[in-house]
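To keep things clear, I will list the structure first and then write my remarks on it.
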Amino acid sequence: QVQLVESGGGLVQPGGSLRLSCAASGSILSIGVMGWYRQALGKQRDLVAAITSGGRTDYAHSVKGRFTISRDNAKKTVYLQMNSLKPEDTAVYYCNADQNGIYYWGTGTLVTVSS
């Protein structure tokens with residue numbers, strides 16, 4: 058079992074920045090891709106960004122150039138730096154980890170972008 062705990066969400070004004078963190082614990086060997094998803098109210102959960110154990114990244118088109126995903130394998134933590142935030146970025150952000158085809162989820166952290 059892998060446990061994922063997100064932190065760093067909150068209220069921010071449009072144009073502002075936030076940094077989300079996701080710490081993994083438990084049976085963390087062989088964790089491959091880690092990623093961030095988000096789910097806005099009444100919408101489906103969508104991929105925001107993902108990173109492989111080797112550092113290769115992928116981003117949703119809507120966040121390219123604004124968000125950066127990074128990973129510290131020693132600390133078993135993945136980060137999402139979010140800049141130039143927009144109201145449409147408002148959502149619950151979930152951390153995800155793939156361990157040999159088994160997907161684990163955190164409980165989510167709320168990001169609200171509003172003036």
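Numbering (this note's numbering), first residue to last: 58 to 172.
Note that CB positions come from ideal geometry on N, CA and C, so glycine has one too.
Beta-carbon separation (whole angstroms), residue i vs residue j, contact threshold 8 Å
{"i": "Tyr161", "j": "Val90", "result": "Going by Cβ atoms, the distance from Tyr161 to Val90 rounds to 11 Å, so no, they are not a contact pair."}
{"i": "Asn153", "j": "Gly92", "result": "5 Å"}
{"i": "Val149", "j": "Gln96", "result": "5 Å"}
{"i": "Leu137", "j": "Leu77", "result": "4 Å"}
N-terminal and C-terminal residue of the beta strand (DSSP E) that residue i is part of
{"i": "Ser127", "result": "124–129"}
{"i": "Gln138", "result": "134–139"}
{"i": "Asp146", "result": "Run containing Asp146: none; DSSP gives neither H nor E here."}
{"i": "Thr114", "result": "114–116"}
{"i": "Pro169", "result": "Residue identity differs from the one stated: residue 169 is Thr in this sequence, not Pro. Looking at the DSSP string, the run of the beta strand (DSSP E) that includes Thr169 is 166–170."}
Exposed unless 16 or more other CB atoms sit within 10 angstroms - verdict on residue i
{"i": "Gly163", "result": "buried"}
{"i": "Asp103", "result": "exposed"}
{"i": "Gln70", "result": "exposed"}
{"i": "Leu98", "result": "exposed"}
Exercise. Where are the beta strand (DSSP E) runs, 3 residues long or more, that stay fully inside the segment 63–90, in chain order?
Worked result: List check, beta strand (DSSP E) in window: 67–69, 75–83.
Problem set entry | the segment 156–172 contacting the segment 106–123, beta-carbon criterion three pairs below 8 Å | Counting Cβ pairs under 8 Å, fewer than three are found: no touch.
For this session: Output the residue ranges of the beta strand (DSSP E) runs that lie fully inside the segment 88–112 and measure 3 residues or longer, sorted by chain position.
Result: The qualifying runs are 88–96, 102–108.
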